[in-house]
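Peer 1: Okay, handing you the structure first.
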Amino acid sequence: MSVLVYTENWDGKFKKLSFELVSYAAGVAKMTGSSVTALSVGRVEDAELKKLGDYGAAKIVNVNNDQLAVFDSQVYAGVLADISAGKGSKIIILANNNTGKAIAPRLSVRLKAGVGSGVSRLPLNLNPFTVYKRSYSGNAFAHMEINSDIKILTLAQNSFDIASTPNTATIENTFVTIEASQVKTVVKNVEKQTGKMLLTDADIVVSGGRGMKSPDNWGPIVELADLLGGATACSRPVSDEGWRPHTEHTGQTGKIIAPNLYIAVGISGATQHLAGISSSKYIVAINTDKDAPIFEAAQYGIVGDALKVLPKLVEAVKEIKK
Amino acid sequence: MKILVCISNVPDTTTKIRFAPGNTSIDIAGIQWVINPWDELSLTRALELKDDAANGIKSVTVVHVGPAASEPTIRKALAIGADDAVRVNAEPRDAYYTAAQIAEVVKKEQFDIILCGIESSDYNGSIVGGMVAEFLGVPSVSSVSGIKFENGQPVMTREIDGGKETVTVPVPFVAIVQKGIAKEPRIAAMRGIMMARSKPVKLVEPVAVESLTQVLEYEKPAPRAACKYIDSENPAQLIGLLQNEAKVI
């Protein structure tokens, strides 16, 4: 028996999320007295695959097939179903990201396996099997029992610390037969931003709200994010106004993120905004209104005009980066 | 073409969540129930697509799995502009159970496009849409932030890490939609509210399906430490705290 973890790669490379997943799987395997099998799909060099062993994978199954170049949820769910059946996996772990959310529910029906989505801790209990998951958009956490024989967990990004548990992993190259006719998804066009830190990957996020007054004032937000090696974000009114792209909107209906540091500048902190950022480890609020709800969520606050405070912050960061 | 929009009934997103004694459910006293925000945006987009006659959308139906108490939410969807509704008369026990019920409705009524919001703001599962597709054995496209028609065929934009793709799949399919699908939710006009009263809501009894998950208990998020204020004239002090106290920069 093994815990199966699906590790996504980006152009043949793993990133922090992949290692979080394997570390989490290693924790689950330890609890259940089993071992970790990591599944990787696509062209990934052996040296890169071996990295998964550093976080506790005992076996790495590499599936490479031209039909998997296009992401089709039905086909991918089929691959996971086959591999998990072959390995007798009772617990399957994916990321709670675009890919995981596309695969997990299909796999669930195929295997009749209950899903604990967006888990942020190791299972609370094995009998009954109970997971800890976000609910009510971060206003509550549920202890949820999964009563099926096979369980699927999707891990919230940046919620579980990477732990090094070196293992000499064996790599198993597996070929899966997929007919071209099984791939129903046709990708007609791809637009990719390159060279920009992804909001969901960033450890530090600097975010602006209506208090920034105009899109012309975004310079210091971008500069601060760059200096700190972070990404920029914004509140909903800002993206609705077209001041910033929709992809930067953090909040209940936008992106849900959990960086180590979230700096909210000129954001009042409506419930819907907090729903997207409340899992951040540290929140800094800069706002003119001392009664703004953002200060209840923040550990550090500055009551003042963002447009005056920001340039000073930028200078202070430049000072320590010297 | 016929569109089905799956709608969930959730507490208004500004609700202060309290738990009922025993912490096994929320305290529903005084809660305003609304259409789940993403489902409302799906419905809006479905109606926009129908408004353009060139797209050939015959009808927009909403389906809801819930008891009679959720009728007002269904009426609201009809008031916004859905043509008719199906209510599966059952407590939505978990995602698997709910998806199985919706799939049964689709099997009987034959829809071409099934729209599901990415998640419900209560359980935050993000799984019902994909499950419906798998129960039906039809394609699903996730993270859909746009849907339009080109030459009579639905074309979708799906978000990927750091970009987007334009994709098509053959009908019938399930689109799991998110931010961007429609700009603002459509609001019910008085005429719509009047018309909604006479629109058909078909009542369907549930099929026997087990549930695979169950919430045993809820807890509140851990309280955060009180905010430490820093003088606005001296932001450098903040940087010092982030560096030496929080150790995050």
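These protein sequences, in sequence, are chains A and B. Numbering-wise, numbering that gives the first Met the number 0 puts 27 at position 28 of the first sequence, and it's gapless, one number per residue. Numbering-wise, numbering that gives the first Met the number 0 puts 21 at position 22 of the second sequence, and it's gapless, one number per residue. Where a beta carbon is used, it is the ideal one built from N, C-alpha and C, also for glycine.
(1) If distances are taken between C-alpha atoms only, which option among B:Thr43, B:Asp83, B:Pro199, B:Ala52 comes closest to cysteine 115 of chain B?
(2) Report the three-state DSSP secondary structure of arginine 86 of chain B (helix, strand or coil).
(3) Roughly how far, in whole angstroms, is the beta-carbon of threonine 173 of chain A from the beta-carbon of valine 69 of chain A, given that I think they are within contact range, below 8 Å?
(4) What do you reckon, is the C-beta of asparagine 61 of chain A under 7 Å from a heavy atom of the ligand FAD?
(5) By DSSP's criteria, serine 139 of chain B is part of a beta bridge. Which residues make up the other side?
(6) Determine the DSSP secondary structure at leucine 202 of chain B, reduced to helix, strand or coil.
(7) Determine, for lysine 178 of chain B, whether the minimum Cβ-Cβ distance to residues of chain A falls below 8 Å.
(8) Using a Cβ cut-off of 7 Å, which residues of the stretch 221–235 of chain B contact any Cβ in chain A, in chain order?
(9) Count the other CB atoms, across all protein chains shown, that sit within 10 Å of the CB of arginine 223 of chain B; report buried if there are 16 or more and exposed otherwise.
(10) So if I threshold CB-CB distances at 8 Å, which residues from the stretch 20–37 of chain B count as touching chain A?
(11) Report the residue from A:Asn63, A:Ser163, A:Phe13, A:Ser158 whose alpha carbon sits nearest the alpha carbon of alanine 25 of chain A.
(12) Count the CB pairs spanning the stretch 235–243 of chain B and the stretch 118–131 of chain B that are closer than 8 Å, and state whether there are at least three.
(13) Rounded to whole angstroms, what is the Cα-Cα separation between lysine 58 of chain A and valine 21 of chain A?
(14) Exposed or buried, which one is glycine 207 of chain A when buried takes at least 16 other CB atoms within 10 Å?
(15) Can you check which of these residues, B:Ile34, B:Val170, B:Ile248, B:Lys246, is closest to glycine 136 of chain B by C-alpha distance?
(16) Which one or two residues does DSSP pair with histidine 248 of chain A in a beta bridge?
(17) Listed in chain order, which residues of the stretch 135–156 of chain A have Cβ atoms closer than 7 Å to some Cβ of chain B?
(18) Would you mind working out which of B:Glu164, B:Ala188, B:Val200, B:Lys107 sits nearest valine 206 of chain B, comparing C-alpha positions?
(19) Is DSSP giving methionine 130 of chain B helix, strand or coil here?
(20) Under 8 Å between C-beta atoms, does phenylalanine 110 of chain B make it to chain A?
(21) Does DSSP put lysine 29 of chain A in a helix, in a strand, or in coil?
(22) Can you list, in chain order, the residues of its chain whose CB lies under 7 Å from that of isoleucine 293 of chain A, leaving out five sequence neighbours each side?
(23) Check the Cβ-Cβ distances between histidine 272 of chain A and every residue of chain B, and say whether any is below 8 Å.
(24) Does chain A have any CB closer than 8 Å to the CB of phenylalanine 148 of chain B?
(25) Going by the CB atoms, is the gap between valine 40 of chain A and valine 78 of chain A shorter than 8 Å?
(26) What span of residues does the beta strand (DSSP E) with alanine 53 of chain B cover, start to end?
(27) With 16 other CB atoms within 10 Å as the buried threshold, where does methionine 189 of chain B fall?
(28) So that I know if they touch, is there some Cβ in chain A lying closer than 8 Å to that of glutamine 213 of chain B?
(29) Can you give the Cα-Cα distance for leucine 211 of chain B and glycine 179 of chain B, rounded to whole angstroms?
(30) Is glutamine 242 of chain B close to chain A, meaning its C-beta is less than 8 Å from at least one C-beta of that chain?
(31) Output yes if chain A places a C-beta closer than 8 Å to the C-beta of threonine 12 of chain B; else output no.
(32) By how many angstroms is the C-alpha of lysine 289 of chain A removed from the C-alpha of leucine 306 of chain A?
(33) Starting from the Cα of leucine 46 of chain B, find the closest Cα among B:Thr72, B:Lys1, B:Gly29 and give me that residue.
(34) Rounded to the nearest angstrom, how far is the Cβ of alanine 168 of chain A from that of leucine 38 of chain A, given a contact under 8 Å?
(35) Let me see if you follow: with CB-CB separation under 8 Å, is asparagine 188 of chain A close to chain B or not?
(36) Residues of chain A with CB closer than 8 Å to the CB of serine 7 of chain B, please, in chain order.
Peer 2: Considering the structure as presented:
(1) As a working mapping, residue 115 of chain B is identified with position 116 in the second sequence. Nearest option by C-alpha distance: B:Thr43.
(2) Here residue 86 of chain B refers to the residue found at position 87 when the second sequence is read from its first residue. Strand at arginine 86 of chain B.
(3) Stepping through the first sequence from its first residue, residue 173 of chain A is reached at position 174. Stepping through the first sequence from its first residue, residue 69 of chain A is reached at position 70. Between valine 69 of chain A and threonine 173 of chain A the Cβ distance is about 19 Å, and since that is not below 8 Å, they are no contact.
(4) Only the bare structure without any ligand can be found here, which leaves the ligand FAD out of the picture.
(5) By 1-based counting over the second sequence, the position of residue 139 of chain B is 140. BP columns for serine 139 of chain B point to B:Val173.
(6) In the second sequence, the residue the question calls residue 202 of chain B occupies position 203. Leucine 202 of chain B: strand per DSSP, three-state reduction.
(7) Here residue 178 of chain B refers to the residue found at position 179 when the second sequence is read from its first residue. It does; some Cβ of chain A falls within 8 Å.
(8) Arg223, Ala224, Cys226, Lys227, Tyr228, Ile229, Ser231, Pro234, Ala235
(9) Residue numbering aside, residue 223 of chain B sits at position 224 when the second sequence is read from its first letter. It counts as exposed.
(10) Ile25, Pro36, Trp37
(11) Along the first sequence, one-based indexing puts residue 25 of chain A at 26. Nearest option by C-alpha distance: A:Ser163.
(12) no
(13) Indexing the first sequence from 1 puts residue 58 of chain A at position 59. Indexing the first sequence from 1 puts residue 21 of chain A at position 22. About 11 Å.
(14) The residue you call residue 207 of chain A lines up with position 208 of the first sequence. A residue is called buried once 16 or more other Cβ atoms fall within 10 Å of its Cβ, and glycine 207 of chain A is buried on that count.
(15) Stepping through the second sequence from its first residue, residue 136 of chain B is reached at position 137. The option with the nearest alpha carbon to glycine 136 of chain B is B:Val170.
(16) On the first sequence, position 249 is the one that residue 248 of chain A refers to. Paired residue(s): A:Cys233.
(17) Tyr135, Ser136, Gly137, Asn138, Ala139, Phe140, Ala141, His142, Met143, Glu144, Ile145, Asn146, Ser147
(18) Working through the second sequence from its first residue, we reach residue 206 of chain B at position 207. Closest option to valine 206 of chain B, Cα to Cα, is B:Lys107.
(19) The residue you call residue 130 of chain B lines up with position 131 of the second sequence. Helix, per DSSP.
(20) For the purposes of this step, residue 110 of chain B is taken as the residue at position 111 of the second sequence. No, because no Cβ of chain A sits closer than 8 Å to the Cβ of phenylalanine 110 of chain B.
(21) For the purposes of this step, residue 29 of chain A is identified with residue 30 of the first sequence, where counting begins at 1. Three-state result, lysine 29 of chain A: helix.
(22) Within the first sequence, numbered from 1, the residue matching residue 293 of chain A stands at position 294. Ala263, Ile266, Ser267, Gly268, Ala284, Asn286.
(23) Taking the first sequence and counting its residues from 1, the one referred to as residue 272 of chain A is at position 273. No, because no Cβ of chain B sits closer than 8 Å to the Cβ of histidine 272 of chain A.
(24) Indexing the second sequence from 1 puts residue 148 of chain B at position 149. Not one chain A Cβ lies under 8 Å of phenylalanine 148 of chain B.
(25) As a working mapping, residue 78 of chain A is identified with position 79 in the first sequence. As a working mapping, residue 40 of chain A is identified with position 41 in the first sequence. Contact: yes.
(26) Translated into positions along the second sequence, residue 53 of chain B becomes position 54. No beta strand (DSSP E) contains alanine 53 of chain B, which DSSP labels as neither H nor E.
(27) Here residue 189 of chain B is taken as the residue at index 190 of the second sequence, counted from 1. Looking at its Cβ environment, which holds fewer than 16 other Cβ atoms inside 10 Å, methionine 189 of chain B is exposed.
(28) The count along the second sequence starts at 1 and reaches residue 213 of chain B at position 214. It does: the Cβ of glutamine 213 of chain B has a partner Cβ on chain A nearer than 8 Å.
(29) Residue 211 of chain B sits at position 212 when you count from the first residue of the second sequence. Residue 179 of chain B sits at position 180 when you count from the first residue of the second sequence. Rounded to whole angstroms, the gap between the alpha carbons of leucine 211 of chain B and glycine 179 of chain B is 32 Å.
(30) Counting from one through the second sequence, the residue named residue 242 of chain B turns up at place 243. Taking Cβ atoms only, chain A reaches closer than 8 Å to glutamine 242 of chain B, which makes this a yes.
(31) Here residue 12 of chain B refers to the residue found at position 13 when the second sequence is read from its first residue. Answer yes: the Cβ-Cβ gap between threonine 12 of chain B and chain A drops below 8 Å somewhere.
(32) Within the first sequence, the letter at position 307 stands for residue 306 of chain A. Within the first sequence, the letter at position 290 stands for residue 289 of chain A. Their Cα atoms are separated by approximately 16 Å.
(33) Position 47 of the second sequence holds residue 46 of chain B. Closest by alpha carbon: B:Lys1.
(34) Here residue 168 of chain A is taken as the residue at index 169 of the first sequence, counted from 1. Here residue 38 of chain A is taken as the residue at index 39 of the first sequence, counted from 1. Their Cβ separation, rounded to whole angstroms, is 12 Å, which puts alanine 168 of chain A and leucine 38 of chain A out of contact at 8 Å.
(35) Here residue 188 of chain A refers to the residue found at position 189 of the first sequence. So, interface residue.
(36) Numbered from its first residue, the second sequence carries residue 7 of chain B at position 8. In chain order: nothing, as chain A lies at least about 13 Å away.
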